[in-house]
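One structure is given below, encoded as structure tokens.
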Amino acid sequence: MGACAAAGGAGGGSSELQAHTLTRHNNILLEFSREFARTRGAVTTNLERAQLLGVFGKAGSSTRDGAGGGSSAGAEVLSETARLLNERNSIHSALSQADDVIKQAYATSSSLAQQRSLLGGTFSKVTLLGNRIPGLNTLLSAIRRKRSRDTLILASVVAACTLFILVYWLNK
Numbered sequence: 001m002g003a004c005a006a007a008g009g010a011g012g013g014s015s016e017l018q019a020h021t022l023t024r025h026n027n028i029l030l031e032f033s034r035e036f037a038r039t040r041g042a043v044t045t046n047l048e049r050a051q052l053l054g055v056f057g058k059a060g061s062s063t064r065d066g067a068g069g070g071s072s073a074g075a076e077v078l079s080e081t082a083r084l085l086n087e088r089n090s091i092h093s094a095l096s097q098a099d100d101v102i103k104q105a106y107a108t109s110s111s112l113a114q115q116r117s118l119l120g121g122t123f124s125k126v127t128l129l130g131n132r133i134p135g136l137n138t139l140l141s142a143i144r145r146k147r148s149r150d151t152l153i154l155a156s157v158v159a160a161c162t163l164f165i166l167v168y169w170l171n172k
């Protein structure tokens, strides 16, 4: 800026006009430089976001196209992007597997609900049949008593065996 002002010479009005024009052009240059830096940052951010989100195709194909000329910084960006894309793919496959498990759980839940309604209908039919035939009700009661007696005997045998094992370990 000083070189241009000095080149203006002795003409006072001309030199002031040139200084003003030079200042104006400098301001315009600074404004355009700032806008260029801001736009370049936005484009870089959008490009990185697009690469990470897989806009350019399958994972890995877009990172090789946008790398910077084989320099070590470009290789680091490439490896970082590739690592992030691999992580994205891993997360996507994990979410797909979780969706499959949830679908299986819903299918199992509906199957169990169907079985419950089927067994509930069977229980009501057996109860109705027991009320219609009095002898069948006493037979079902006898079966229930025998089953509870068998459960009691089995529980006492297990308790006795456990007691004998404890006594054996304590005396050892």
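With the first letter of the sequence shown counted as 1, position 132 gets the number 132 in the working numbering; the numbers rise by one all the way through. Virtual Cβ for every residue (Gly too), placed ideally from N, Cα, C.
Inset, instruction - To the nearest angstrom, report how far apart SER109 and ASP100 are at their CA atoms. - result: For the purposes of this step, residue 109 is identified with residue 109 of the sequence shown, where counting begins at 1. For the purposes of this step, residue 100 is identified with residue 100 of the sequence shown, where counting begins at 1. Cα-Cα distance, rounded: 14 Å.
Legend entry - For ASN89 and GLU76, the rounded distance between their alpha carbons: Here residue 76 refers to the residue found at position 76 when the sequence shown is read from its first residue. Here residue 89 refers to the residue found at position 89 when the sequence shown is read from its first residue. Distance between the alpha carbons of GLU76 and ASN89 is about 20 Å.
Inset, instruction - Give a yes or no on whether the C-beta atoms belonging to LEU136 and LEU129 are separated by under 8 Å. - result: Reading the sequence shown from its first residue, position 136 is the one you call residue 136. Reading the sequence shown from its first residue, position 129 is the one you call residue 129. Cβ distance < 8 Å, so LEU136 and LEU129 count as in contact.
Legend entry - Whole-angstrom C-beta distance between LEU52 and LEU95, which should lie under 8 Å: Position 95 of the sequence shown, counted from the first residue, corresponds to residue 95. Position 52 of the sequence shown, counted from the first residue, corresponds to residue 52. Wrong, their Cβ atoms sit about 16 Å apart, outside the cutoff.
Inset, instruction - Would you identify the three-state DSSP class for ILE91, choosing helix, strand or coil? - result: Indexing the sequence shown from 1 puts residue 91 at position 91. If DSSP states are grouped into helix, strand and coil, ILE91 belongs with the helices.
Legend entry - Local Cβ density within 10 Å of THR23, reported as buried at 16 or more and exposed below that: Taking the first residue of the sequence shown as 1, we reach residue 23 at position 23. So THR23 ends up on the exposed side.
Inset, instruction - Just the C-alpha distance for GLU35 and SER79, rounded to the nearest angstrom, thanks. - result: As a position in the sequence shown, residue 35 is number 35, starting the count at 1. As a position in the sequence shown, residue 79 is number 79, starting the count at 1. If I take the Cα positions, the gap works out to 30 Å.
Legend entry - Element boundaries [alpha helix (DSSP H), containing LYS146]: To locate residue 146, count along the sequence shown from 1; it is residue 146. Note, LYS146: alpha helix (DSSP H), 134 to 171.
Legend entry - Separation of GLU31 from LEU17, as counted between CA atoms: Within the sequence shown, numbered from 1, the residue matching residue 17 stands at position 17. Within the sequence shown, numbered from 1, the residue matching residue 31 stands at position 31. For LEU17 and GLU31, the distance between alpha carbons rounds to 21 Å.
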